[in-house]
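Have a look at the structure below, then the notes.
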């Protein structure tokens, strides 16, 4: 979101990946969409 620092965005993406990894195998399409967005996340 607008106004978030790079650190906050990275922390959010890391947390979201942990959530998705914990439920992998339940919805392949949404998981693939998440993976695409995750690859484009702000890098350190």
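Numbering (the working numbering), first residue to last: 6 to 49.
Where a beta carbon is used, it is the ideal one built from N, C-alpha and C, also for glycine.
Asked                                                                                                                                                             : Found
Please state whether DSSP places residue 34 in a helix, a strand or coil.                                                                                         : helix
Short of 6 Å in beta carbon distance, which residues of its chain neighbour residue 60, apart from the five on each side in sequence? Order them along the chain. : With the chain covering only 6 through 49, there is no way to say anything about residue 60.
Less than 6 Å between C-beta atoms, sequence neighbours within five positions excluded: which residues of the same chain meet that for residue 18?                : 46
In its own chain, which residues sit with a C-beta less than 6 Å from the C-beta of residue 32, not counting the 5 before and 5 after it?                         : none
Give the straight-line distance between the Cα atoms of residue 29 and residue 11, rounded to the nearest whole angstrom.                                         : 27 Å
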